[in-house]
Every structure is written in structure tokens, then in C-alpha cells.
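Going by UniProt numbering, 85 is the number at position 85 of the sequence shown; the sequence numbering is gapless. Ideal placement from N, C-alpha and C gives every residue a C-beta, glycine not left out. Read through the structure below, which is laid out as C-alpha cells, and then see the notes.
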Amino acid sequence: MVINDFNGTTNAPDRPVWKLHSKGTFTVKSCYWWRNTGQLQIRNWPWKLIWKAKVPLKVSCFVWLVCRKACLTYEVLQRRGRQICSRCFMCDQDAEINSHLFLHCKTAAKERVLVYTWSELGGSQNY
């Protein structure tokens with residue numbers, strides 16, 4: 001009696017449904033999102049802030065490379081098979097990895113302060 005009440009089947013032909021899209025159709029965007037959901041960095045990082053910032057495109061590209069850890073530091077070159085000594089040439093203390101070079105290096109931090117101060121004083125208008 002319960003089987004006779006089941007209305008789940010129709011006479012319409014079957015069609016594939018992509019469950020990751022609200023309309024059931026396949027899109028590259030939904031597939032890309034599904035493929036990268038395991039990567040916490042991609043899912044939680046506000047990427048649009050990088051591209052919508054009112055800065056020159058080359059600055060946005062550089063910030064994007066830094067966030068993706070894709071800048072050609074010694075760490076990246078070693079992963080690509082280069083056998084080189086990995087040390088920070090700015091402070092000569094730690095290995096030149098992305099996080100050290102752009103966040104923790106004291107010499108690089110001093111340089112950032114100098115550039116920021118120079119730009120706040122209108123230095124970029126003179127050159």
C-alpha cells in the first residue's frame with residue numbers, strides 16, 4: 001500500500017543535474033568553487049578587496065602574489081628544484097620565505113615605514 005502512494009517517478013526522460021548550482025546546470029565557476037573548498041585560504045580570504053582597492057594594477061597583482069605565496073622567494077625556487085642557500089639578504093638571519101620577507105623581517109618593516117612616510121609627504125607627486 002505504501003509503494004502505490006509513491007509519486008517519485010515520472011514518465012519524463014532523465015536528465016543530469018549538477019547539485020552544486022542552484023539551477024542544476026554545470027558551470028565552471030561552481031566546479032572551481034567545489035574544487036577549492038578544501039583550501040581554507042581561498043575560501044575565507046576576501047579576494048575581491050585586493051582587486052577593488054583603488055591602487056595601481058601592478059600593486060594589486062603583487063599583493064595577490066604575496067597572499068598566494070607565489071612570489072619568487074628562495075623558498076619557491078627551492079620547491080622548483082633549485083639548490084640554493086635560503087637566507088634573507090635584508091636581515092641575514094632567517095630563511096627567505098614568503099611570510100618572513102613580507103611580514104616578519106625587521107629590515108623590510110623599516111623599509112615599508114619609509115615608503116609609507118614618503119608617500120604621505122607627497123613624494124609620489126614629485127616623481
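Each residue's CA atom was taken as its position, placing Lys52 and Gly81 some 35 Å apart.
Excluding five sequence positions before and after Cys71, the CB atoms of its chain that fall closer than 7 Å to its own CB belong to Leu65, Asn98, given in chain order.
Ala109 and Lys69 have their C-alpha atoms some 18 Å from each other. In this structure, the alpha-carbon of Tyr74 lies about 13 Å from that of Asp92.
Cys67 carries a helical assignment under DSSP once its states are collapsed to helix, strand and coil. The beta carbon of Leu20 is closer than 6 Å to those of Ser30, Trp34 in its chain, skipping five residues each way along the sequence. One thing to note: Met90 has its Cβ within 9 Å of the Cβ of Cys105. In summary, Leu57 is exposed, with fewer than 16 beta-carbon neighbours lying within 10 Å of its beta-carbon over all protein chains present. In the three-state DSSP reduction, Asn11 falls in the coil class, being neither helix nor strand. A straight-line Cα-Cα distance of about 31 Å links Pro46 and Arg87.
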